[in-house]
Amino acid sequence: MRLSSRFSFTGILLLVTSAFSRQYEVGTVYEYNYETSVLLNEPQLRPVSTSKDVGFRLRLKAEVTPVWQHSSNPSELIIQLTVSSPKLSVKGRQGNTPEGFVDKPSKADSFKNTPLFVHWISGHISKVFTVRGEDVSSVNLKKGIASLLQVQVQNAEREEVDASGRCLVTYVSTSSGKVAKLKTNCVPSSSSLFFNHTNRVLGAEISSTVSTSYELRPTDNVILKASGLETHFLKVEARKTSASEVISTQLFELTGERKSSAAKVSGSTESEIIRDLAKKSRYELVPGDLMTEEDVRDCIACKTLQELVSNFKSTLSARNLGTQSSALAFIRLLRKMRESSESAIKGVLTTKKNSKIVPQLLDIVASTQTTYSYKAAFKFLNFQEEKKIFLPERYLLTIALATHPSQVVIQDLYELVKRGLPNSHLYETLVYTVASLVKTYSRMGSPSQKPLVNEVTSYLEQQLQRCDNTPCKLLYVSALKTLQQRQSIPLLLSVVKTAPTKAATNAMRAVQTMPTEYIDDKVLNELDRIFLGLDRYHDSSVKIIAA
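Taking mature numbering (1 follows the signal peptide of the UniProt record, and there is no 0), I'd label the letters of the sequence shown as residues -21 to -1, 1 to 526.
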C-alpha cells in the first residue's frame, strides 16, 4: 500500500514536470511583440475601444532568453527578459489617425536595455532580479511582461503574486494549447490611495475583472500569444449613470526564434547563477518579486504650489465662488497639495499676497486630508482668539466633512475640546466638528478605532450630564445626534424624560436619527412610554417623533 502511494505520487510529479520540461529551451532567444493600452471612457455595453476613448498605448519588442536550466529539474529555469524600441502613443477624442493614437516622445524613449531575470519553476515565478538603479517605470513595465510568463497548462486554482499584487488565480484549460487565466481578490503591494465614503449614498461602486487568454505551442507549451483584458467600472451610488470605465489590454505575441549568443553561465543553484550573471553583466542584481513599485512622478516642467496658487489667485477670489473655473482651480490645487510638504502649504497660507484668498485656501487645505496639510493649518491658525474666529471656524467647518479622518487629527481636536476655547461660538463649532469626524472614523471599519470613539462618546455624555442649563444641553445633545453611537441612546431618552421641552425635543430628534439597527425592543418600549406620557407630560412634538 505504501509502495503504491509512493508510485502514485511519483507519477503525479512526473506528469507536472513533463508539462513544462521542454518549455523555453536554454540557448534560444524567443522574440515577441508586446503592446499594452489603457483607455478611459464612459461605460460601454462591451469592453471595446470607441472614438470617445482617451488614453495611451505602448508598443515594444521583448526577448525571452532562458540562461540556465536545473540539471535534475528541467522545469526550473533562470530566464532573462529584455525590451527594446518602446514607443508611446496617446489617444484623444480628436485623433487624426484611424485608430486615434498619435506617437509622442516620452520617458520610455530613454529606457535602457537592461535585463530582468526571473526564477521560473513549472510556470511559477518565485523571484525576480532587477538592476539596481534602473528607472522604476522600466522595472514595472518588465514585471508586467514577466507576469504573462506565469501560466499553468492544467486546471488549477492557486494564490500567485504578479504585477497586480497578490491574487487568487484560476486556470482553465479550454482545449489543446488554450488556457484561460482569471485573477480575483488582488491585493496590491502598497495601500491604495482610493478612499470610499463611509456614507454609501455619497460613495462609489467599483467592479473589476482581470483575465488573460493563452495560446500555447502544442509541442513545447511556449507562449504563442497571450491576450490580457482588465476592466474597472466606477459608478456613483447616488446616480449610477454618472460612471467611468477604464480598459487595459495586453498583447504578447511570438514573432520568431534565434540562437542565443550569450556566454554560458556557471553554477548549480539559483544564487550561484545570479552571482555569475551579475559578474558577467557588471550589473548589481537586486532580488524581489513581481509586484510593481510606486513610481514617484517626476515633472520638471510642473509648477510649485506657490506658483500654482499665484496662477489661480483671481479664480479663487470671492467673486468667482460657485463658478466652473473656481471648481477646476480647487481640484488642481487639491492634487498639488496632496503631494506638497508642510512648509510649502504653510508658505502659501502665510504669504501676504494671498491674504484675500486665505479662506478658500483653507478649504483646500482641509480637503487635502494629509498629515502635512493638517500640521500646516494648525500652525497657521490661532484657536485662542476671542474675536477673530472666522478663519479657524472656516477650517473646522470644512474638515468636519473629511471622508477619511486620521486618529491624529481627531485626537488633537479632542484635546482642544477638553481644554476649552475663549470664544463660545468657536467652541460649539469645534465640538460639532469632533463629533462629525468621530462618526466618520467609527464607520471606517478598523477595530483599533474603537477606543478613541468610545472615549470621545463618553466625554460628550459626561458633559451632557453635568449641564445645568438648556443651551449647554442643546450643545451636547446635538453633538451626540451627530455622533450617532448606540451607547448614547439611554442617556438621550433620559434627557427626553427630564429636560425642558426644547432640550427634550432635540434629544428625541437625536434618537430618531439613529440607525434603525440601534432601535431594539428595549428602546421601542421606552418610546411607547414617552408617547403615552406614562412618566411625565410631553410636548406634542416629542410625542409625534416618538410615534
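Note that beta-carbon positions come from the ideal geometry of N, C-alpha and C, so glycine has one too.
{"Asked": "Determine the direct distance from the alpha carbon of isoleucine 498 to that of serine 519, and round the result to whole angstroms.", "Found": "21 Å"}
{"Asked": "Taking contact to mean 3 or more Cβ pairs, one atom from each stretch, closer than 8 Å, check whether the segment 300 to 307 and the segment 329 to 337 are in contact.", "Found": "no"}
{"Asked": "Does glycine -11 come out as helix, strand or coil in the three-state DSSP assignment?", "Found": "Any answer about glycine -11 is weak, because its pLDDT of 44 lies below 50 and its placement is not dependable; what the coordinates show is given next. In the structure shown, glycine -11 sits in a helix (DSSP, three-state: H, G or I)."}
{"Asked": "Could you say if the segment 454 to 465 and the segment 401 to 419 meet the contact criterion of at least three C-beta pairs nearer than 8 Å?", "Found": "yes"}
{"Asked": "Using only CA atoms, which one of Met270, Gln339 and Leu269 lies nearest to serine 293?", "Found": "Gln339"}
{"Asked": "List, from N- to C-terminal side, the alpha helix (DSSP H) runs of 4 residues or more that fit wholly inside the segment 303 to 369.", "Found": "303 to 316, 321 to 329, 337 to 347 and 350 to 359"}
{"Asked": "Which residue wins for smallest C-alpha separation from phenylalanine 80, given the options Thr93, Ser89, Ser54 and Lys66?", "Found": "Lys66"}
{"Asked": "Beta-carbon separation of alanine 486 and valine 475 under 8 Å?", "Found": "yes"}
{"Asked": "When we look at the beta-carbon of isoleucine 57 and count the other beta-carbons within 10 Å, is it buried (16 or more) or exposed?", "Found": "buried"}
{"Asked": "Comparing the C-beta of cysteine 165 with each C-beta of chain D, is any distance below 8 Å?", "Found": "Reference to chain D is not applicable here, since this structure consists of a single protein chain."}
{"Asked": "Among Glu249, Leu203 and Ala482, whose alpha-carbon lies nearest the alpha-carbon of valine 97?", "Found": "Glu249"}
{"Asked": "What separation, rounded to the nearest whole angstrom, lies between the Cα atoms of valine 17 and proline 197?", "Found": "31 Å"}
{"Asked": "May I ask you to list the residues that DSSP assigns as paired with asparagine 178?", "Found": "In DSSP, asparagine 178 forms no bridge with anything."}
{"Asked": "Starting from alanine 135, follow its DSSP beta bridges and name the residues at the other end.", "Found": "Tyr150"}
{"Asked": "When DSSP builds the beta bridges, which residues end up paired with threonine 109?", "Found": "Val265"}
{"Asked": "State the start and end residues of the unbroken alpha helix (DSSP H) segment that holds arginine 508.", "Found": "500 to 511"}
{"Asked": "Quick check on histidine 211: does DSSP put it in helix, strand or coil?", "Found": "strand"}
{"Asked": "By Cβ distance below 6 Å, which residues in the same chain neighbour glutamate 263 in space, the five residues on each side in sequence not counted?", "Found": "Arg111"}
{"Asked": "Measure the C-alpha to C-alpha separation of valine 166 and glutamate 407 and round it to an integer number of angstroms.", "Found": "42 Å"}
{"Asked": "Here's the rule: buried if 16 or more other CB atoms are within 10 angstroms of the residue's CB, otherwise exposed. What is isoleucine 279?", "Found": "Note on isoleucine 279: pLDDT 49, under 50, position unreliable in the model; no value is reported."}
{"Asked": "Taking the beta strand (DSSP E) that arginine 218 belongs to, which residues open and close that run?", "Found": "218 to 238"}
{"Asked": "Is the beta carbon of tyrosine 351 closer than 8 Å to that of residue 529?", "Found": "Nothing in the structure corresponds to residue 529, since the chain is present only between -21 and 526."}
{"Asked": "Suppose you measure from the CA of isoleucine 524 to the CA of arginine 488; what does that come to, to the nearest Å?", "Found": "7 Å"}
{"Asked": "Could you give the first and the last residue of the continuous alpha helix (DSSP H) run that contains glutamate 286?", "Found": "284 to 290"}
{"Asked": "Under the three-state reduction of DSSP, which class applies to aspartate 141: helix, strand or coil?", "Found": "strand"}
{"Asked": "Output the distance between the C-alpha atoms of alanine 241 and alanine 41, rounded to the nearest integer angstrom.", "Found": "16 Å"}
{"Asked": "Closer than 8 Å by C-beta to arginine 179: which residues in its own chain qualify, once you throw out the five before and the five after it? Chain order, please.", "Found": "Glu216"}
{"Asked": "Taking the alpha carbon of glutamine 491 as the point to measure from, which residue in Ile104, Cys146 and Leu472 has its own alpha carbon closest?", "Found": "Leu472"}
{"Asked": "For arginine 317, which option in Thr330, Thr283 and Ser289 has the closest C-alpha, if you only look at C-alpha atoms?", "Found": "Thr283"}
{"Asked": "Is it buried or exposed, asparagine 92, if we count other Cβ atoms within 10 angstroms and call 16 or more buried?", "Found": "exposed"}
{"Asked": "Helix, strand or coil for leucine 409, going by three-state DSSP, please let me know.", "Found": "helix"}
{"Asked": "Of the choices Ser64, Leu39 and Pro22, whose alpha-carbon is the least far from that of valine 33?", "Found": "Pro22"}
{"Asked": "Quick check on the burial criterion: 16 or more other C-beta atoms within 10 angstroms. Buried or exposed for proline 266?", "Found": "exposed"}
{"Asked": "In three-state DSSP terms, what is serine 519?", "Found": "helix"}
{"Asked": "Inspect the beta-carbon positions of glutamate 14 and glutamate 236 and report whether they are closer than 8 Å.", "Found": "no"}
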